[in-house]
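A.B. asks:
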Amino acid sequence: MKIKSFALIAAVTAAGFLSAQSANAADEWGIEYEEKARVEAKVVDLLCEVTGDCVEQCGAGTRQLGLLLDDGTLVPAVKNFDPFAGTTDDLIQFCGKRIVADGLMIKDPLMPMFVVQFRRLAPDGEWGRANNFTKNWAKSNPDKPANQWFRHDAEVLRLVETQGVYGIPGLKAEE
Amino acid sequence: MAHRVNKNGMRFNPTQLRKLLGAGLLSLSLVLFATIQPTNAATAQRVQVTGEIIDTWCYVTEIMFSEGTAHHQCAVWCALGGIPVSILGKDGKVYMVLRVEGDDNSVANPTIVEIQSHEVTVDGDLYERDGVNYLIVNKVADDKGVINMTHEDYGIQPFGE
Chain P
145 MKIKSFALIA
155 AVTAAGFLSA
165 QSANAADEWG
175 IEYEEKARVE
185 AKVVDLLCEV
195 TGDCVEQCGA
205 GTRQLGLLLD
215 DGTLVPAVKN
225 FDPFAGTTDD
235 LIQFCGKRIV
245 ADGLMIKDPL
255 MPMFVVQFRR
265 LAPDGEWGRA
275 NNFTKNWAKS
285 NPDKPANQWF
295 RHDAEVLRLV
305 ETQGVYGIPG
315 LKAEE
Chain G
2 MAHRVNKNGM
12 RFNPTQLRKL
22 LGAGLLSLSL
32 VLFATIQPTN
42 AATAQRVQVT
52 GEIIDTWCYV
62 TEIMFSEGTA
72 HHQCAVWCAL
82 GGIPVSILGK
92 DGKVYMVLRV
102 EGDDNSVANP
112 TIVEIQSHEV
122 TVDGDLYERD
132 GVNYLIVNKV
142 ADDKGVINMT
152 HEDYGIQPFG
162 E
């Protein structure tokens with residue numbers, strides 16, 4: 145497995161911290177196989193689309209979502225613009241609807257995926273930054289810094305406390 | 002037997018009428034149901050997969066080292082952030098988990114978050130579509146816990162703390 149430079153990691157993470165970008169066009173993140181892409185697609189519940197097990201409102205935020213392109217290709221929408229966060233909060237309002245998604249199409253041989261950086265209702269809805277995860281987290285945690293949500297989230301802190309940073313209770317990180 | 006006559010002059014007895022009404026209701030139900038049906042559901046293949054529970058994003062993009070103890074904390078962050086969780090199979094394939102033991106919640110599912118980085122063996126149904134391996138986990142047959150000790154070589158990914 146190839147490992148990218150730490151500079152790349154920092155760049156991708158830092159992108160999630162940006163809050164005042166005006167242009168509704170995708171940023172390149174320097175990821176292998178990435179292509180800047182603006183696609184019009186239907187937002188679908190992946191479990192429903194793949195297996196036929198469908199529920200109302202795409203599971204109302206409990207199921208992973210994907211983009212169904214016009215040629216029938218299904219692409220999982222794996223990542224939004226926030227650090228360490230997925231796309232459900234950004235796409236659930238568009239369940240079953242067509243959107244324009246602006247971001248990165250990653251055509252990795254392991255599996256293709258889409259990074260949603262902006263999205264709007266097709267064909268000409270209002271653009272919105274795909275950063276609803278931290279917005280929603282901030283509403284639930286008004287006294288904590290949302291851009292560092294992963295350092296302050298109560299469930300993260302509980303798991304690190306009980307499992308340790310390595311996932312093995314009692315195995316501590318060296319100072 | 003009494004018959005009803007429709008506007009075209011066709012005659013229906015009560016039994017035929019009930020069948021027609023039933024068929025109409027069925028058709029209406031199918032139309033409503035179709036609004037939340039998939040367009041191209043794939044066919045399942047029964048599989049057993051052994052591998053490590055990983056964060057899909059970090060592993061596939063290779064933006065950092067993303068296996069074992071070194072990446073455990075980050076894998077917890079990503080799972081709680083709602084990024085899909087996968088199993089990195091011993092065959093090198095990535096299997097994106099969409100359901101675990103009847104639980105359809107695949108967004109920050111507490112059960113899956115608790116076993117991030119564990120090596121597991123699962124029985125499930127595999128759906129392959131457009132280059133993605135989607136896995137329905139019917140049963141977690143074995144859970145060895147976190148056994149991939151990578152932190153000595155890679156520290157704590159990605160920030161070192």
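So the sequence lines, in the order shown, correspond to chains P and G.
Be aware that the first sequence starts at 145, since it is given in my numbering, and climbs by one per residue.
Be aware that the second sequence starts at 2, since it is given in my numbering, and climbs by one per residue.
Even for Gly, the Cβ is constructed at its ideal location relative to N, Cα and C.
1. For a test of the three-state rule: what should DSSP assign to A185 (chain P), helix, strand or coil?
2. With a cut-off of 8 Å, do at least 3 Cβ pairs link the region 140-158 of chain G to the region 112-131 of chain G?
3. Taking 7 Å as the limit between beta carbons, can you name the residues of its chain near D226 (chain P), skipping five residues before and five after?
4. Please classify L301 (chain P): is it buried, with 16 or more other beta-carbons within 10 angstroms of its beta-carbon, or exposed?
5. Which full runs of the alpha helix (DSSP H) of 4+ residues lie inside the region 208-259 of chain P, going along the chain?
6. Is it buried or exposed, T195 (chain P), if we count other Cβ atoms within 10 angstroms and call 16 or more buried?
7. Taking the continuous beta strand (DSSP E) assigned at I54 (chain G), which residues delimit it?
8. Helix, strand or coil for V138 (chain G) per DSSP?
9. Based on DSSP bridge pairs, tell me the residues matched to G314 (chain P).
10. In the DSSP assignment, what are the bridge partners of I116 (chain G)?
11. What three-state label does DSSP hand G125 (chain G) in the structure shown?
12. Classify Q292 (chain P): buried if its beta carbon has 16 or more other beta carbons within 10 angstroms, exposed otherwise.
13. In three-state DSSP terms, what is E68 (chain G)?
14. Can you pull the chain G residues whose beta carbon is under 7 Å from the beta carbon of P220 (chain P), in chain order?
15. Name the chain P residues whose beta carbon is nearer than 7 Å to that of L81 (chain G)?
16. Contact check, D56 (chain G) vs V86 (chain G) under 8 Å by CB: the rounded distance?
17. Among the residues of its own chain, which have a CB less than 7 Å from the CB of F294 (chain P), if the five just before and after it don't count?
18. Please work out which residues of its chain come closer than 6 Å, Cβ to Cβ, to C198 (chain P), disregarding the five sequence neighbours upstream and downstream, and give them in chain order.
19. Here's a check: name, in chain order, each residue in its chain whose Cβ is nearer than 7 Å to the Cβ of I157 (chain G), leaving out the five neighbours to either side.
20. Against chain G, which members of the region 222-237 of chain P pass a CB distance test of less than 9 Å?
21. Can A109 (chain G) and L81 (chain G) be called in contact, C-beta distance under 7 Å?
22. Give me, in chain order, the residues of the same chain whose beta-carbon lies closer than 6 Å to that of H296 (chain P); leave out the 5 immediate sequence neighbours on both sides.
23. In three-state terms, what does DSSP make of L29 (chain G)?
24. For the alpha helix (DSSP H) holding V300 (chain P), just list the boundary residues, first then last.
25. Name the residues in the region 46-60 of chain G whose C-beta lies less than 7 Å from a C-beta of chain P; which are they?
26. Can you give me the C-alpha to C-alpha distance between D215 (chain P) and G103 (chain G), rounded to a whole angstrom?
27. Go through its chain and collect everything with a Cβ distance to A266 (chain P)'s Cβ below 7 Å, but skip five positions before and after it.
28. CB A221 (chain P) to CB V260 (chain P), shorter than 7 Å?
29. Looking at the C-beta of N149 (chain G), does it have a partner C-beta in chain P at a distance below 7 Å?
30. What residues from chain G crowd round D252 (chain P), counting only those whose CB sits closer than 8 Å?
31. At least one CB of chain P closer than 7 Å to the CB of I157 (chain G): is that the case?
32. Which value, in whole angstroms, describes the spacing of the CA atoms of K186 (chain P) and W78 (chain G)?
33. Along chain G, in chain order, which residues have C-beta atoms closer than 7 Å to that of I175 (chain P)?
34. Which first and last residues belong to the alpha helix (DSSP H) in which Y155 (chain G) is found?
35. Is DSSP giving Y60 (chain G) helix, strand or coil here?
C.D. replies: Based on what the coordinates show:
1. strand
2. yes
3. G160, N275, F277, T278
4. exposed
5. 232-235
6. buried
7. 46-56
8. strand
9. BP columns for G314 (chain P) are empty, so no partner.
10. Answer is none; I116 (chain G) lacks a bridge partner.
11. strand
12. exposed
13. coil
14. P85, M97, V133
15. D297, E299, V300
16. 7 Å
17. P227, F228, V300
18. C192
19. A71, Q74
20. V222, K223, N224, D226, P227, F228, A229, G230, T231, T232, D233
21. yes
22. K288
23. Residue confidence for L29 (chain G) is low, a pLDDT of 47 falling below 50, so the modelled location carries little weight; the figure read from the coordinates is stated next. Here L29 (chain G) sits in helix by DSSP.
24. 298-307
25. T57, W58
26. 31 Å
27. E184, R242, I243, V244
28. yes
29. no
30. V61, T62
31. yes
32. 28 Å
33. T62, I64
34. 152-155
35. helix
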